[in-house]
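Numbering (the working numbering), first residue to last: 1 to 271. Think of the CB as a built atom: it goes at the ideal place given N, C-alpha and C, for glycine as much as any other residue. A quick write-up on the structure given underneath.
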Ligand SMILES: [Zn+2]
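This is how it looks when you write it as structure tokens:
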């Protein structure tokens, strides 16, 4: 029997998505098609320039999720060096922005040929956005400091209710969506998750896998929305086990998910 292995995948550009480590634990995501490149949240220009030059790429676009310095610190240098176009949240003060974005805006890049849709996800900062799209036909989300592998960002400018709503918005993306967050916080997040849900078998397995990856100094991201729904306590506040654990940590009268979320967030802050 002859199997026809002809596929049309060779007709599509194939993109590479890789993390550039910056500072202590930041990841700057670099997406390229072999010629042109785009970076997400370049807090530091130096490692980006190194990666770009090493592979003879041209940096054409910069995507920004929020205004914190460890996400935008390299923007001006990269714009000057490469003339890259900057796309960022309309609601925040940024060092440079060519395209100010709000909820449901479409980001059409030419080279590399990529399209993203913008989600407003306030809470960590007041104007924080995420970029969702398909890369190599795989759903992806670049969510900055809002959803982390096994955890979530601190609430600096928004309210717990806003952060809770933003995380729910991300949790509703399809399960196979790859989650590209901006920090390597997974091990500490999962330690906390185990304090909340010590009997979650999938969480225990994830913790073991994460320990192995970190022992080898490998990134633990991207994760997927399905993995987060199964193991991230901040996406699981409606689970009886998570509610009971929050109740045990700090007794609360109302059985409102946002209240459970707030207790978890405060608990994690002091964990
Ligand atoms: Zn931040």
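CB of residue i within 8 Å of CB of residue j, strictly
i, j, result
"residue 153", "residue 71", "no"
"residue 133", "residue 119", "no"
"residue 87", "residue 57", "no"
"residue 273", "residue 128", "Look at the range of the chain in this structure, 1 to 271, and you will see that residue 273 is not part of it."
"residue 206", "residue 227", "yes"
"residue 37", "residue 77", "no"
"residue 202", "residue 230", "yes"
"residue 148", "residue 181", "yes"
"residue 27", "residue 20", "yes"
"residue 25", "residue 112", "no"
"residue 158", "residue 126", "yes"
"residue 279", "residue 164", "An answer regarding residue 279 cannot be provided, because it is not within the stretch 1 to 271 covered by the chain."
"residue 61", "residue 43", "no"
"residue 123", "residue 172", "no"
"residue 59", "residue 39", "yes"
"residue 251", "residue 260", "no"
"residue 170", "residue 141", "yes"
Cα-Cα separation between residue i and residue j, rounded to whole angstroms
i, j, result
"residue 179", "residue 138", "11 Å"
"residue 10", "residue 198", "Interpretation of residue 10 is limited by its pLDDT of 41, a score under 50 that renders its predicted location unreliable; the figure taken from the coordinates is listed afterwards. Cα to Cα, the separation comes out at about 46 Å."
"residue 3", "residue 15", "Reliability of the predicted coordinates at residue 3 is poor, the pLDDT of 42 falling under 50, and no value is obtained from them."
"residue 51", "residue 92", "28 Å"
"residue 73", "residue 254", "42 Å"
"residue 264", "residue 80", "43 Å"
"residue 97", "residue 85", "8 Å"
"residue 240", "residue 221", "28 Å"
"residue 256", "residue 262", "10 Å"
"residue 22", "residue 131", "20 Å"
"residue 191", "residue 208", "11 Å"
"residue 160", "residue 174", "24 Å"
"residue 106", "residue 117", "5 Å"
Assigned exposure category for residue i - 16 Cβ within 10 Å defines buried
i, result
"residue 217", "exposed"
"residue 248", "exposed"
"residue 89", "buried"
"residue 322", "Any answer about residue 322 is impossible in this case: the structure gives the chain only from 1 up to 271."
"residue 102", "exposed"
"residue 224", "buried"
"residue 151", "buried"
"residue 110", "exposed"
"residue 297", "Beyond the ends of the chain as shown, which are 1 and 271, falls residue 297; an answer cannot be given."
Secondary structure of residue i, DSSP reduced to three states
i, result
"residue 161", "helix"
"residue 85", "strand"
"residue 70", "helix"
"residue 124", "coil"
"residue 258", "helix"
"residue 147", "strand"
"residue 116", "strand"
"residue 251", "coil"
"residue 242", "helix"
"residue 171", "helix"
"residue 134", "strand"
"residue 94", "coil"
"residue 10", "Confidence at residue 10 is low in this model, with a pLDDT of 41, below 50, so its placement is unreliable and no value can be given for it."
"residue 129", "strand"
"residue 271", "coil"
"residue 156", "coil"
"residue 102", "coil"
"residue 140", "strand"
"residue 237", "coil"
Check: residue i C-beta below 7 Å from any heavy atom of ligand 3
i, result
"residue 120", "In the structure shown, ligand 3 is absent; the only ligands present are ligand 1."
is_contact[residue i, chain B] using C-beta, thresh 8 Å
i, result
"residue 54", "Reference to chain B is not applicable here, since this structure consists of a single protein chain."
Query raised in the report: Which ranges does the beta strand (DSSP E) cover as unbroken runs of at least 3 residues, wholly within the region 175-230, from first to last along the chain?
Result: Within the region 175-230, the complete beta strand (DSSP E) runs of at least 3 residues are 178-181.
Report task. Note down, one range per segment and in chain order, each beta strand (DSSP E) of at least 3 residues found wholly within the region 17-77. Result -> 26-32, 36-40, 58-63
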